[in-house]
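S.K.: This is the structure I have questions about; it appears just below.
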Amino acid sequence: MKSLIAKIINSNASFAPLMLRVPVGLTLMAHGSQKLFGMFGGYGLAGTAHWMASIGLTPGYLMALLSGSAEFFGGLFILLGLLIRPSAAVVAFTMIVAIFSVHIHNGLFMANNGYEYALSLLAVTVSLLVSGAGKVSLDRLISSKL
1394 MKSLIAKIIN SNASFAPLML RVPVGLTLMA HGSQKLFGMF GGYGLAGTAH
1444 WMASIGLTPG YLMALLSGSA EFFGGLFILL GLLIRPSAAV VAFTMIVAIF
1494 SVHIHNGLFM ANNGYEYALS LLAVTVSLLV SGAGKVSLDR LISSKL
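Taking the numbering used here as reference, the numbering of the sequence shown is continuous, increasing by one, and the terminal residue is 1539.
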């Protein structure tokens, strides 16, 4: 079990993942807080649930809770560098769903509600999935104690 945990949290990367983790973690937390808490002009859980059900992502409440939690808590864990690989995998999956269920038919650009934002987040989370959290992270701190 210890070796499995070590494989999940081990990172030989440099400081580069930190440069990705901070802005992307904060952005994901803000986006998730729109869905979960109605902050920053968001619709909150009830409004997001209604919208998700209206586009066929049912049950809407569960889908809103899952996507909002993936973004908010995934963003928090990415920011902290905690369980980076599982967190990045959850966020990457969420972005794939967002791309193909909401944005793909609108083209690339955000001006048309396209998928460029979700694609950018997908690219960063896949990068973090491969590299790990880097030198400045809770994963690195935990790994040094094992």
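Positions of the beta carbon are idealized from the N, C-alpha and C atoms, including for glycine.
Pick from Arg-1533, Gly-1527, Leu-1539: whose alpha carbon is nearest that of Ala-1406?
M.R.: Closest by alpha carbon: Gly-1527.
S.K.: How long is the line joining the alpha carbons of Met-1488 and Leu-1531, rounded to whole angstroms?
M.R.: Those two C-alpha atoms are separated by around 24 angstroms.
S.K.: Please state the DSSP three-state secondary structure of Phe-1433.
M.R.: Reduced to three states, the DSSP call for Phe-1433 is coil.
S.K.: Helix or strand or just coil, what does DSSP make of Ala-1526?
M.R.: Looking at Ala-1526 - three-state DSSP - the assignment turns out to be coil, as it is neither helix nor strand.
S.K.: Under 8 angstroms, do Ala-1511 and His-1498 count as touching if we go by C-beta distance?
M.R.: Contact: no.
S.K.: Exposed or buried, which one is Gly-1425 when buried takes at least 16 other CB atoms within 10 Å?
M.R.: Flag for Gly-1425 reads buried.
S.K.: Can you check the stretch 1426–1487 for any alpha helix (DSSP H) of at least 4 residues that lies completely inside it and give the ranges in chain order?
M.R.: Runs found: 1437–1447, 1453–1473.
S.K.: Could you tell me the alpha carbon to alpha carbon distance between Ile-1471 and Ser-1480, rounded to whole angstroms?
M.R.: Cα to Cα, Ile-1471 sits roughly 7 angstroms from Ser-1480.
S.K.: For the 8 angstroms Cβ check, are there 3 or more pairs between the stretch 1402–1416 and the stretch 1441–1458?
M.R.: In short, these stretches do not touch, since the Cβ pair count stays below three.
S.K.: Could you tell me the distance, in whole angstroms, from the CA atom of Arg-1414 to the CA atom of Ala-1446?
M.R.: Going from the Cα of Arg-1414 to the Cα of Ala-1446 covers about 31 angstroms.
S.K.: Less than 8 angstroms between the C-beta atoms of Gly-1461 and Gly-1418, yes or no?
M.R.: Not in contact: Gly-1461 and Gly-1418 (Cβ atoms no closer than 8 angstroms).
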